[in-house]
Structures are given as C-alpha cells and as structure tokens.
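Below is one structure; the comments refer to it alone.
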Amino acid sequence: METGRGDDGYTDLPKRGRVRKSHPRLEAYGTVDELSSLIGYAASITSHEDLRQILHQIQTHLFHIGAQLAIANHRVGDIYSMVGELEKLINVYERELKPLNRFIYPGGSPDAAFIHVCRAAARRCERRVASLSDIEEVDPAILTYLNRLSTLLFTLARTANKRSGVGDREWVRS
Numbered sequence: 002m003e004t005g006r007g008d009d010g011y012t013d014l015p016k017r018g019r020v021r022k023s024h025p026r027l028e029a030y031g032t033v034d035e036l037s038s039l040i041g042y043a044a045s046i047t048s049h050e051d052l053r054q055i056l057h058q059i060q061t062h063l064f065h066i067g068a069q070l071a072i073a074n075h076r077v078g079d080i081y082s083m084v085g086e087l088e089k090l091i092n093v094y095e096r097e098l099k100p101l102n103r104f105i106y107p108g109g110s111p112d113a114a115f116i117h118v119c120r121a122a123a124r125r126c127e128r129r130v131a132s133l134s135d136i137e138e139v140d141p142a143i144l145t146y147l148n149r150l151s152t153l154l155f156t157l158a159r160t161a162n163k164r165s166g167v168g169d170r171e172w173v174r175s
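If you're matching positions, the sequence shown starts at 2 in the numbering used here and goes up one per residue.
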C-alpha cells in the first residue's frame, strides 16, 4: 500500500513514532530483510531438497528476528532455541565434510557460491545489529543467532559443493 509517508526520509516504527530511515534500528532489520531475500533466492536455485528446507526455516527465523528488531524490547519467539537448531544442523552437516586446514575461496557450484553470498550478508547483519546494540538494548540472542547462522551457511555452501562434485578451492599464500 502506497502512502507517501516515507517520501521525506522518515518512517514509522511501533512504539517509537517517526524515525529517520538512516537510524541504526532500520539498518539492522533492513539487512535482516535483505538476508532473507538472498536466502530465498539460494533456496530457489539449490537442487538439494534438505538444504532448501533448511534455508526456508532460516527465513522463518529471520522474520522473527526482523520483527523483534523493528519493535524495541519486544520478544518474538525464543531466539536461543533457534540458535540450538542451527548448532544441531552445523554438527550434522560438518560430518559430511573434511576438516579445513586453510581458508577457502567462496564459490564453486552456483548454489554453493550463492550460499556464500548469504554467509557474507549474514556477517553484515551481525555487524549492523552489533552497531545497534552499541546505542540501544538488543536481545543478545540475536547476535548469537547471526554468528551461528554464518557458520551454518559456510557449512551448507561446502556441503552443496561436495554434493555437486566441486572441491573446496584453498587459499595458498604466495
């Protein structure tokens, strides 16, 4: 619905009234929305049904987190239980992979490469939420979730590559 109320660079936040669109709270939940969109695209291109389902579940988590960030001091769901879900998935999918001894380049198969894009976006979300937490109260579980999420996305990208027959391309110092 078009209202034109945001044409002046301000928007309405529940319990806060009108705030600048450059406000750190908008930046935080806006990057969560961007990440959810990127994850939706990754889910649409992967041929691995289990990875698609995980990516869709992550989108649900991110909607909870975005809502919680949009409305200060408003709890939407148990974020720590979502962290536990991510940790279980990390443990399951790491078992499929060889341990790393070096950094790897993001890339490989199309779905793995895009999951790496999602991982980098998750790190950006984490930085934006950390910046918000410097000036306002933020549920610390959100930062924990975003940190675990980037680890899971890294693991899922490596899994997608392995299943596609693409090896990790290791960075070698020259």
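Built from N, CA and C at the ideal position, the CB exists for glycine as well. Quick caveat, the model's predicted, so the values are computed rather than measured.
- Item | Assigned secondary structure, Tyr-81 (DSSP; H/G/I helix, E/B strand, else coil) | If DSSP states are grouped into helix, strand and coil, Tyr-81 belongs with the helices.
- Euclidean distance between Cα positions of Ile-59 and His-24: Straight-line Cα distance between these residues: approximately 25 Å.
- For the stretch 72-141, which segments carrying the alpha helix (DSSP H) assignment without a break, of at least 4 residues, lie completely within its bounds, in sequence order? Within the stretch 72-141, the alpha helix (DSSP H) runs of at least 4 residues that lie entirely inside it are, in chain order, 80-95 and 111-136.
- Message: Pop quiz: Leu-154 and Arg-120 are said to be a contact at Cβ under 8 Å. What is the actual Cβ separation, rounded to whole angstroms?
- Response: That belief holds up - the Cβ atoms of Leu-154 and Arg-120 are roughly 4 Å apart, short of 8 Å.
- Message: Counting only beta-carbon separations shorter than 9 Å, does Ala-122 have a partner in chain D?
- Response: The question asks about chain D, but that chain is absent: this structure has only one protein chain.
- Query: What first and last residue would you give for the alpha helix (DSSP H) that runs through Ser-45?
  - Reply: Counting along the chain, the unbroken alpha helix (DSSP H) around Ser-45 starts and ends at 25-46.
- Message: Let me check understanding here. Comparing Cα to Cα, which of Glu-97, Ile-143, Gly-10 and Asp-135 lies closest to Arg-124?
- Response: Closest option to Arg-124, Cα to Cα, is Ile-143.
- Message: Alpha carbons only, please: which of Ser-175, Ala-114 and Glu-127 is nearest the one belonging to Asn-162?
- Response: Nearest to Asn-162 by C-alpha distance, out of Ser-175, Ala-114 and Glu-127, is Ala-114.
- Query: Taking C-alpha atoms, which residue in Ser-110, Asp-140 and Ala-29 lies nearest to Val-167?
  - Reply: In this structure, Ser-110 is the residue among Ser-110, Asp-140 and Ala-29 with its C-alpha nearest to the C-alpha of Val-167.
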